[in-house]
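Under the numbering used here, the letters of the sequence shown match residues 39 to 186, in that order. Beta carbons are placed, not taken as given, at the ideal position from N, Cα and C, and that holds for glycine.
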Amino acid sequence: MHILCLNGPNLNLLGLREPSIYGRESLSDLEVRLRHLADQHNTKLTFFQSNHEGALIDKLHWAFHERLDGIIFNPAAYTHTSIALRDAISSIDIPVIEVHISNILERESFRHHSFISDVAIDQILGHGLKGYEMALEKFLGRKGEKEC
Ligand code: DQA
């Protein structure tokens with residue numbers, strides 16, 4: 039099993055950026071946590087962050103061509119603006135779980151709408167970095183189902 043964890047703009051500043059909302063752990067801390075869980079389940083993890091919409095689209099296409107099994111995606115602010123990212127997800131035949139560190143439904147009204155939610159198989163909101171582990175666990179559970 040091979041999973042992509044994809045993070046959008048400003049998430050490279052995790053740990054420094056608005057810690058009261060996003061916490062004090064860095065993106066590298068998140069990568070360590072996810073790799074630990076993936077390793078325990080013999081699962082390959084590709085971890086990628088970009089501040090550029092096109093680079094995120096290219097990575098989604100890459101995942102499609104490489105036939106990955108699932109994508110954990112925090113599109114950050116592009117969640118609320120990007121039809122191009124939504125179309126990229128619709129164009130590829132790989133399940134995507136949308137993750138947000140904060141609960142976007144309890145924040146400013148401009149964060150309530152997600153262009154991604156109805157093309158994703160699931161949405162995990164407001165669990166901090168644990169939300170990414172929950173998403174990976176969901177994919178690992180699906181692997182278990184396929185093997186039965
Ligand atoms: C975020 C929520 C978005 O509204 C915001 O623009 C982000 C981070 C989150 O993980 O809570 O950059 O996706």
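message: Cutting at 7 angstroms between CB atoms, please list the residues of its own chain near L129, excluding the five before and the five after it.
response: For the record, residue 129 in the displayed sequence is Ser; it is not Leu. None.
task: Out of E144, D160, L49, point me to the one whose CA is closest to E69's CA.
output: Minimum Cα distance to E69 is reached at L49.
field: Span of the alpha helix (DSSP H), counted from its first residue to its last, around I142
entry: Neither: I142 is in no alpha helix (DSSP H) and is coded neither H nor E.
message: Is the separation between the beta-carbon of L44 and that of L83 shorter than 8 angstroms?
response: Not closer than 8 angstroms, so no.
- request: Using three-state DSSP, classify G108 as helix, strand or coil.
  value: Looking at G108 - three-state DSSP - the assignment turns out to be strand.
Classification of G169 by the beta-carbon crowding that lies within 10 angstroms, buried from 16 upward: Its Cβ being crowded by 16 or more others within 10 Å, G169 is buried.
field: Cβ contact check for the segment 147 to 155 and the segment 101 to 120: 3 or more pairs under 8 angstroms
entry: Judged by Cβ distances under 8 angstroms, the segment 147 to 155 makes contact with the segment 101 to 120, as three or more pairs qualify.
message: Within a Cβ cutoff of 7 angstroms, which residues of the same chain sit near R149, ignoring the five residues on either side of it in sequence?
response: Exclusion of the five residues before and after R149 leaves H118, I142 as the residues of its chain whose Cβ lies within less than 7 angstroms of its Cβ.
query: Beta carbon of H74: closer than 7 angstroms to some heavy atom of the ligand DQA?
result: Outside the cutoff, so no.
message: Taking the alpha-carbon of I159 as reference, which of Y60, S88, D131 has the nearest alpha-carbon?
response: Nearest C-alpha to I159 among Y60, S88, D131: D131.
- prompt: Which word fits I139, buried or exposed, when buried means at least 16 other C-beta atoms lie within 10 angstroms of its C-beta?
  reply: Within a 10 Å sphere around the beta-carbon of I139 sit 16 or more other beta-carbons, which makes this residue buried.
- request: Measure the Cβ-Cβ separation of E135 and A76 and say whether it is below 8 angstroms.
  value: The residue asked about is misnamed: residue 135 is Ile in this sequence, not Glu. Contact flag unset, no.
- request: Leaving aside the five residues before and after E63 along the sequence, list all residues of the same chain whose C-beta is less than 6 angstroms from its C-beta, in chain order.
  value: For E63, where only same-chain residues beyond five positions count, the Cβ hits under 6 angstroms are G53, L167.
field: Distance, R105 Cα to M39 Cα
entry: Each residue's Cα considered, the two are about 10 angstroms apart.
query: Is the distance from the Cβ of A122 to the Cβ of I109 below 8 angstroms?
result: Not a contact, by the Cβ cut-off of 8 angstroms.
- prompt: For R73, which residues from the same chain have a beta carbon less than 6 angstroms from its beta carbon, with the 5 sequence-adjacent residues on both sides left out?
  reply: Answer for R73: L83, listed in chain order.
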